[in-house]
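Going letter by letter, the sequence shown gives residues 2 to 617 in the working numbering.
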Amino acid sequence: DPSPRLYDARLLIRPAVIQVRHPSLNTCPVPVRNMLLVAGGGPDAPGMGVPSQQESLSKWGLSFERHWKLTPRRKATSNTTATMGSAWSPLARRVFRALWIAALASNVGTLMQSVAAAWLMTSLTPSPLPVALLTTAGSLPLFLVGLPAGALADLIDRRRLVLLTQLWMLAVAVVLGALALIGWMAPWSLLGLTFLLGLGSALSAPAWQAIIPQLVEKEELAAAVALNGAGFNLARAVGPAVGGLLVAGIGPGGVFLLNAASFLGVIAVIYRWQPEPHSHASTTPPESVRSAVAAGLRYARHSPQLRAAQVRTAAFVLPASALWALLPVVAQRELGLTAVGYGILLGSLGIGAVGGAAILPRLRERMSIDRLVIAMTLIFAGGTFGLAYLRNPWLLNPVLMAVGMAWLTITSSLNVSTQTTAPSWVQARAVGVYLLVFQGGFAGGSAVWGFVAGRYGLGTALLAAAAVMALGIATALRWHLVTGEELDLSPSQHWPEPEFALEPDPESGPVLITVEYRVDDEHHDAFCQAMEELQTIRRRDGAARWGLFRDPAAPDRYLETFVVTSWGEHLRQHERITVTDREVEERALALQRPATSPVVSHFIATGCSTSVAAGP
């Protein structure tokens with residue numbers, strides 16, 4: 002728990018620290034006293050004997066900079082420049098490049114499979130209902146297992162989970178192909194196997210997303226996510242057209258088998274990839290999937306950054322779904338296009354998405370992620386407005402290119418905001434919540450705008466969607482998107498292990514933790530403000546209830562209390578506290594009276610009828 006320290010409310014003194022960086026060493030803070038440098042002047046102050054120290058340090062590849070910083074002397078190379086800001090720099094990473102290419106092939110296969118399944122269903126039954134249910138069968142698994150899949154990806158080896166789900170989908174695709182080729186396919190068997198394919202995809206998605214930060218550097222994550230989005234949009238532009246040609250040539254069964262083969266590349270790359278071992282292995286009792294899901298939902302609820310990402314995702318996706326849902330209707334009924342013409346419209350969206358991935362790093366250099374999403378939302382709303390009125394395909398195609406760029410930029414930014422503001426222990430669950438909000442908003446929005454189009458007309462639905470999207474920008478006034486570039490989400494591990502005469506059982510609980518502070522009245526407001534921030538952290542990391550109380554008999558005595566469901570969950574709180582969280586703690590501790598330290602106590606429910614956790 003919060004380790005006792007002595008803080009002076011008037012002056013908080015910390016040892017001066019400088020950063021020593023070397024290409025072959027990890028960054029490490031070193032106290033100034035260990036560097037044989039005398040405080041009171043910069044490294045180039047007269048009379049300090051700096052030249053000899055510089056010569057000594059130069060042997061190690063280090064150079065001095067003002068303001069007590071040591072940095073490695075590195076030659077400026079094109080590779081360094083590319084790493085810092087290029088949209089394509091993640092592709093210089095061997096594993097990411099191989100996985101991106103394999104995923105592109107797999108996505109093309111999946112979209113070919115969708116075309117073949119729809120075509121086969123129309124030949125199996127004259128009813129339109131089973132054809133419509135194919136989309137439901139593919140997307141329903143995400144709603145059923147999206148959150149448990151995120152929890153599972155945080156509890157077990159993500160590499161193994163992705164590998165198993167890819168093998169699962171390969172096997173289902175082989176069964177689909179075999180049944181179609183021998184003529185044993187029926188409408189409900191096609192729906193059931195499509196559901197099983199969607200189940201594999203839903204179980205794989207959170208782990209897949211959470212693997213990306215392990216393949217690239219932190220500053221390359223935004224570009225990596227954008228490249229993934231561009232790859233999918235490129236597959237969406239190519240896959241349906243290729244699928245249609247292959248269905249005509251080799252039939253649906255052959256296309257199903259080609260889809261099965263498309264999983265082999267991903268399986269090979271994931272199998273050969275050996276991730277670095279986790280630097281902070283957990284020593285606490287393992288979580289159950291149920292408690293892990295609850296912890297993920299609790300984290301998403303009490304994390305301001307993740308809550309903002311969820312709200313902004315819903316505010317964008319709900320109206321944006323109108324364009325995707327109604328574009329086929331516009332192409333066929335309003336523009337009179339064939340399947341080829343519709344494919345060209347989709348290709349324009351894909352080209353725009355690829356262009357968006359190329360310019361995204363430059364855009365992020367010029368504006369914050371919040372402003373970038375606002376600007377691109379306005380472009381997307383304008384494209385939706387244009388779709389309601391433009392009836393010339395040659396004018397509509399460049400509009401859809403702009404829409405594709407905006408779509409890629411917005412979805413990548415929302416994804417990056419989600420991944421970079423969640424620590425590794427809950428990252429896949431955060432992605433699971435994001436995917437649930439995204440897919441739920443997309444499916445619900447499509448149904449709503451389809452109803453509006455059928456009742457009031459196609460143009461009315463698109464105009465209403467554009468207006469709702471523009472109005473949704475107002476959510477940015479309260480919920481600001483951020484990235485985790487300024488956050489240190491590594492485990493702080495500064496809470497000492499509690500020592501007891503009797504070791505509690507991990508399942509015992511509830512557990513009441515109290516922390517007693519001594520704060521002078523003059524710091525009351527500042528202390529309460531700091532504790533409000535600390536409350537969010539306590540609840541986010543496991544506290545079911547939290548309170549702050551003041552002793553009227555001793556006004557300088559404050560008691561913080563929070564309740565955790567079990568002792569094992571409290572031990573996990575020890576591992577979840579981050580370096581950034583520690584800074585919040587220290588702001589509160591710094592306001593204590595001089596020569597005082599917090600007093601931490603633990604109470605575990607006895608099981609008696611008068612348990613300490615019993616309510617009124």
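Where a beta carbon is used, it is the ideal one built from N, C-alpha and C, also for glycine.
Separation of I538 and D489 (C-alpha to C-alpha, rounded to the nearest whole angstrom) is 14 Å.
In this structure, G458 lies away from A326, with their beta-carbon atoms at least 7 Å apart. With contact defined as three or more Cβ pairs closer than 8 Å, the region 140-150 and the region 433-441 are in contact. In the structure shown, G548 falls within a strand segment according to DSSP collapsed to helix, strand and coil. Contact between G297 and R159 does not hold, since their C-beta atoms are separated by about 15 Å, which reaches or exceeds 8 Å. Here the alpha carbons of L200 and L143 stand approximately 7 Å from one another. Scanning the region 287-370 for uninterrupted alpha helix (DSSP H) segments of 4 residues or longer gives 290-303, 305-330 and 340-367, listed from N- to C-terminal end. The beta carbon of I102 sits closer than 8 Å to the beta carbons of G266 from its chain, once the five residues preceding and following it are set aside; these are given in chain order.
In terms of CA proximity to G510, H603 leads the group G460, H603 and T484. When the Cα atoms are used, S598 and A545 turn out to be separated by approximately 25 Å. Beta-bridge annotation (DSSP): R98 is not paired with any residue. Beta-bridge analysis with DSSP links P492 to T579. Within the model, the alpha-carbon separation for A223 versus G384 is close to 24 Å. The distance from the Cβ of I375 to that of I271 is about 37 Å, inconsistent with a contact at the 8 Å cut-off.
In the three-state scheme derived from DSSP, where H, G and I count as helix and E and B as strand, Q275 is classed as coil. Cβ neighbours of L319 within its own chain (closer than 6 Å, five residues either side excluded): G442 and G446.
Apart from the 5 residues on each side of it in sequence, V294 sits with its Cβ closer than 7 Å to the Cβ of L148, P149 and A152 in its chain, given in chain order. Each residue's CA atom was taken as its position, placing V248 and R95 some 34 Å apart. Here the C-alpha atom of V580 lies approximately 49 Å from the C-alpha atom of L192. DSSP places E517 inside the beta strand (DSSP E), whose first and last residues are V512 to R519. The count of Cβ pairs closer than 8 Å, one atom from the region 173-186 and one from the region 401-420, stays below three, leaving the stretches out of contact.
Counting only unbroken stretches of 4 or more residues, the alpha helix (DSSP H) elements lying wholly within the region 152-208 are 159-183, in sequence order.
Only exposed fits D506, as fewer than 16 other CB atoms lie within 10 angstroms of its CB.
Counted as a single uninterrupted DSSP element, the stretch harbouring T562 is not any alpha helix (DSSP H) but the beta strand (DSSP E) occupying residues R558 to V565. DSSP places F501 in no alpha helix (DSSP H); its state is neither H nor E.
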